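This report concerns only the one structure given below.
In this note's numbering, the protein residues as written are 73 to 253.
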């Protein structure tokens with residue numbers, strides 16, 4: 073940095089490695105690919121060049137140790153990408169969109185239209201809510217409303233056939249127990 077600050081128009085720094093060797097090492101890594109690099113596959117010529125650099129500056133550092141640290145940094149990048157994706161999926165309503173939010177809305181509309189019919193009177197207050205208010209509420213609130221009403225309806229033996237009676241993953245998503253077939 074000091075040489076650049078004192079003479080920014082000077083030639084590039086000579087690292088003691090000829091361009092052909094560096095190009096060859098980079099080409100080898102490119103043949104392995106970026107995915108391989110992120111997974112921790114580092115071309116041996118790159119490690120060799122790093123060792124040559126350390127030797128040329130009389131450092132006690134080793135090229136292998138450099139490669140290990142580089143692999144850890146690459147793995148950390150992969151982990152952070154994975155973690156970001158999971159947060160975007162699981163800490164937003166996106167997971168609900170992938171799980172069946174549209175089906176849930178339709179099932180709520182049907183349940184609300186059926187009304188409290190054969191349900192115990194304890195369920196009546198849930199039907200006093202305006203349908204649109206239920207549908208406009210956050211997905212977890214919709215899930216709770218539907219779980220309460222559907223559980224009550226199933227406990228009376230009322231036969232409703234929809235995706236929430238037949239699909240195990242949807243039943244699990246809303247919190248309904250599995251059905252015996």
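Just so you know, even glycine gets a beta-carbon here, dropped at the ideal spot from N, CA and C. Every value quoted in this text rests on a predicted model; they were computed, and no experiment measured them.
DSSP, reduced to helix, strand and coil, places residue 192 outside both helices and strands of the structure shown, so it counts as coil.
Look at residue 187 here: in three-state DSSP terms it is coil, with no helix or strand label. Closest by C-alpha distance to residue 150, out of 99, 111, 105, is 111. Residue 183 holds the alpha-carbon nearest to the alpha-carbon of residue 215 among 183, 156, 238. In the structure shown, residue 248 falls within a coil segment according to DSSP collapsed to helix, strand and coil. Counting along the chain, residue 233 sits inside no alpha helix (DSSP H), nor does DSSP assign it H or E at all. Annotation for residue 206: the continuous alpha helix (DSSP H) segment containing it runs 203-208. With a cutoff of 8 Å on beta-carbon distance, residue 211 and residue 179 are scored as not near each other. The C-alpha of residue 145 lies about 14 Å from the C-alpha of residue 136.
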